[in-house]
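For the sequence shown, UniProt numbering assigns the number 1 to the initial residue and increments by one for each residue that follows. What follows is a set of notes on a single structure, which appears directly below.
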Amino acid sequence: MSMNMRIGFIGVGGIAQDHIRVLKQIENTEIVSVFDLNKEQAQKAAEATGAEVMESANQVLDKQRIDLVFICTPQFARGDLEVTAARRGIPFFVEKPVGIDMEVVRKKEQIIRETGIVHAVGYVLRYMDTVQTAKRYLQGRPAHLIQGFRLGTSHPSKWWRQLDMSGGHLVDTVTHQVDMIRYLAGEFREVRAQFGRVSFDQTDPESTIYDAGAISFSMNSGTIGSLTESCVSPFYSGSDIKFFGHDFFVHLSGNGSNLTIIDNEQHIVETNKLDPGYEQCRTLIEAIRSGSQASILCSYTDALRTLEVTLAANQSAI
Ligand SMILES: NC(=O)c1ccc[n+]([C@@H]2O[C@H](COP(=O)([O-])OP(=O)(O)OC[C@H]3O[C@@H](n4cnc5c(N)ncnc54)[C@H](O)[C@@H]3O)[C@@H](O)[C@H]2O)c1
């Protein structure tokens, strides 16, 4: 590895811009190659970073040229990119969700695990100090009830409104809340969902995703819970998870950035002070330098389990 960590990007749309912004703040890193199906988009990213535009994703995945690849294509457009990177010995970052087909994702997970390559998946909320505090507090304190929601507007890209491309709002976006519940309270046992399209039927009949969902679940701990979600709520947006115990209450709001903990001894209110996107990239780069996966907060194996929950919810509604 050269002194500078040389980074390649495959897919340089919305979220990739965020990673590029953060990487510019991290010393001894340089973005050297980019590829996007949209040539204009690739050119723009190249101009902003000094990278070279490559002709294909395969060309980006050149072990001689890069030390790390960011895979930021949408979940329907990942092909074998992660597996190719892993087999070529290139550490990778891949966005959440890790796919839309469990069988494909399971096969990839096995290969990635067997290669032992250092990698991370973009469940970025895990990197907030509030989420870490909540995790420590909830250790050994099972809630009897979890209640959550994520309400807001839709992603601007066309692929997002097609169920066979994004998996829908739950699989693509509310996955962060599902992942946070898993991260803080353990594994899901059973999940059931109902979805609707009252608004999309009027405003976007061409779309195939749902505009609202109500999901109920149980967890291995015996905890039960519910999550509601909407992606067509122009006048209100927010996300929230509450954990109710017989002797405690934990509340994460604002996508995890505000934390309240109440019990008989304390009433804590905290606001996240970290840039989770920065922490996510910094942690990955340090992990690659040290050759150890240990500090990465979300692996492909872990992310697979979150996808399993959201796809099971979709399946339950058919
Ligand atoms: N972690 C987060 O908080 C977060 C936030 C937003 C998006 N995401 C995830 O990131 C991924 C991308 O989302 P986005 O918001 O950047 O979408 P986007 O539509 O803004 O950008 C996607 C880019 O990928 C390119 N692309 C599509 N297919 C490609 C292919 N086969 N090869 C190369 N380039 C290709 C498109 O041209 C586009 O530039 C999605 O999986 C999404 O769920 C994660």
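Glycine is no exception: its CB is placed at the ideal position from the N, C-alpha and C atoms.
Integer-rounded CB distance, given that I7 should sit under 8 angstroms from E30: As a first step, residue 30 must be located in the sequence shown, where it is residue number 30. As a first step, residue 7 must be located in the sequence shown, where it is residue number 7. About 7 angstroms separates the beta carbon of E30 from that of I7, a gap short enough to meet the 8 angstroms contact definition.
S290 in three-state terms, based on DSSP: Taking the sequence shown and counting its residues from 1, the one referred to as residue 290 is at position 290. Residue state, collapsed to three classes: helix.
Residue range of the beta strand (DSSP E) that includes Q147: Reading the sequence shown from its first residue, position 147 is the one you call residue 147. L145 to L151 is the span of the beta strand (DSSP E), which, as asked, contains Q147.
Coil, strand or helix - I181 by DSSP: Within the sequence shown, residue 181 is the residue found at index 181, counting from 1. In the three-state reduction of the DSSP assignment, I181 falls in the helix class, which pools H, G and I.
Any 3 or more C-beta pairs closer than 8 angstroms across the stretch 143 to 155 and the stretch 225 to 240: Touching, per the Cβ criterion.
Ligand 1 heavy atom lying under 7 angstroms from the CB of L37: The residue labelled residue 37 in the question sits at position 37 within the sequence shown. Checking the Cβ of L37 against ligand 1 gives yes.
Three-state secondary structure (DSSP) of A317: If you number the sequence shown from 1, residue 317 lands on position 317. In the structure shown, A317 sits in coil (DSSP, three-state: anything other than H, G, I, E or B).
Which residues DSSP lists as bridging R192, in chain order: Counted from its first residue, the sequence shown places residue 192 at position 192. Paired residues: S216.
Heavy atom of ligand 1 within 7 angstroms of H155 beta-carbon: To locate residue 155, count along the sequence shown from 1; it is residue 155. Because some heavy atom of ligand 1 lies under 7 angstroms away, the Cβ of H155 counts as near it: yes.
Proximity of V198 and A313 at Cβ, strictly below 8 angstroms: Sequence index remark: in the sequence shown, residue 198 carries index 198 (1-based). Sequence index remark: in the sequence shown, residue 313 carries index 313 (1-based). At least 8 angstroms separates the beta-carbon of V198 from that of A313.
Close beta carbons around D247, own chain, < 7 angstroms, minus the five adjacent residues each side: Within the sequence shown, numbered from 1, the residue matching residue 247 stands at position 247. Correct list, in chain order: D263 and N264.
L252 (DSSP reduced to helix, strand or coil): Taking the first residue of the sequence shown as position 1, residue 252 is located at position 252. L252: strand per DSSP, three-state reduction.
I318 classed as buried or exposed, judged by whether at least 16 other C-beta atoms fall within 10 angstroms: For the purposes of this step, residue 318 is taken as residue 318 along the sequence shown, with counting starting at 1. Its Cβ having fewer than 16 others within 10 Å, I318 is exposed.
Beta-carbon proximity list for E279, same chain, < 6 angstroms, skipping 5 on both sides: If you number the sequence shown from 1, residue 279 lands on position 279. Excluding sequence neighbours, E279 sits near Y127.
Per DSSP, the bridge partner or partners of I10: Within the sequence shown, numbered from 1, the residue matching residue 10 stands at position 10. Its beta-bridge partners are F35 and I71.
Coil, strand or helix - D201 by DSSP: As a position in the sequence shown, residue 201 is number 201, starting the count at 1. Residue state, collapsed to three classes: helix.
L170 vs T84 beta-carbon contact at 8 angstroms: On the sequence shown, residue 170 is found 170 positions in, with the first residue counted as 1. On the sequence shown, residue 84 is found 84 positions in, with the first residue counted as 1. No.
Any non-hydrogen atom of ligand 1 closer than 7 angstroms to Q41 Cβ: Counting from 1 along the sequence shown, the entry for residue 41 is found at position 41. For ligand 1, at least one heavy atom lies less than 7 angstroms from the Cβ of Q41.
Helix, strand or coil at L297 [DSSP, three-state]: Taking the first residue of the sequence shown as 1, we reach residue 297 at position 297. Of the three classes helix, strand and coil, the one that applies to L297 here is coil, per DSSP.
Whole-Å CB distance - F35 paired with A16, under 8 angstroms assumed: Taking the first residue of the sequence shown as position 1, residue 35 is located at position 35. Taking the first residue of the sequence shown as position 1, residue 16 is located at position 16. At roughly 11 angstroms, the Cβ-Cβ gap does not stay under 8 angstroms, so F35 and A16 are not in contact.
Cβ-based neighbour list, N272, same chain, cut-off 6 angstroms, excluding 5 preceding and 5 following: The residue you call residue 272 lines up with position 272 of the sequence shown. Contacts found: M128, D129, T130 and S257.
Burial state of Y210, where buried means 16 or more other Cβ atoms lie within 10 Å: What you label residue 210 is simply residue 210 of the sequence shown in a count that begins at 1. Result: buried.
Beta-bridge pairing of I224 - partner residues as DSSP gives them: For this step, residue 224 is matched to residue 224 along the sequence shown. Paired residue(s): L145 and S218.
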